[in-house]
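Step one of this worksheet: look at the structure below.
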Amino acid sequence: LDFGATLTAFGCSRTTPLEQPIPMAYCCVPLCRSDGKKKEPGVSFHEIPAEASLREQWMKKIRRDDWVPNCTSNYSKVCSKHFTDSDFLEGKRRRLKKGIVPSVFADYPPYMQPRTLKERNSETIRKRSALESQHSQDEPTKKRKR
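Residue numbers (the UniProt record's numbering): 1 to 146.
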């Protein structure tokens, strides 16, 4: 797999070898203040994937409206604080397992927190019930013909 070709296909052109040190990194997740300057122990930075469907999943979780990540930007990275310990491979370097999506957003206010399937289903049921009761009140009652 040629990652250079894959990145180029998404409008990105990586000209530096992967072995070179990463310049100062910043987390692109809203309200997260992680950056490479702080040198927080155990905090690593991970590029948003080039693979389209996985990239889309990351973007939905990150929740930055009208933002398109740039693979050559130091701001298009997500810090390790947004992943669980089980999301990482064993080893000296902190590398994500294949197909992992960020899931930890401690700094997000409640309205931005990812909802569970159960929460989404109960909210949908509440909305439908409210709409149905409003709809039945809006309709005039029909008179029966004799």
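Idealized CB from N, CA, C, for every residue including glycine.
Residue i - partner residues in DSSP beta bridges
i, result
"residue 83", "Per DSSP, none; premise fails for residue 83."
"residue 96", "88"
"residue 77", "27 and 47"
Continuous beta strand (DSSP E) stretch holding residue i: start and end
i, result
"residue 90", "It is not in any beta strand (DSSP E) - residue 90 carries neither H nor E in the DSSP assignment."
"residue 47", "45-47"
Range covered by the alpha helix (DSSP H) that runs through residue i
i, result
"residue 40", "That residue, residue 40, is in no alpha helix (DSSP H); it is neither H nor E in DSSP."
"residue 67", "Taken as a continuous stretch (DSSP letters only), residue 67 belongs to no alpha helix (DSSP H), as it is neither H nor E."
"residue 57", "52-62"
Classification of residue i by the beta-carbon crowding that lies within 10 angstroms, buried from 16 upward
i, result
"residue 86", "exposed"
"residue 44", "buried"
"residue 69", "buried"
"residue 167", "Here the chain comprises residues numbered 1 to 146, so residue 167 is not present and cannot be evaluated."
Practice task
Would you check if there are 3 or more beta carbon pairs closer than 8 angstroms linking the segment 75-84 to the segment 43-61?
Solution key: yes
| said: Can you confirm whether the segment 93-107 touches the segment 27-38 when touching is taken to mean that 3 or more C-beta pairs between the two stretches lie within less than 8 angstroms? | reply: yes
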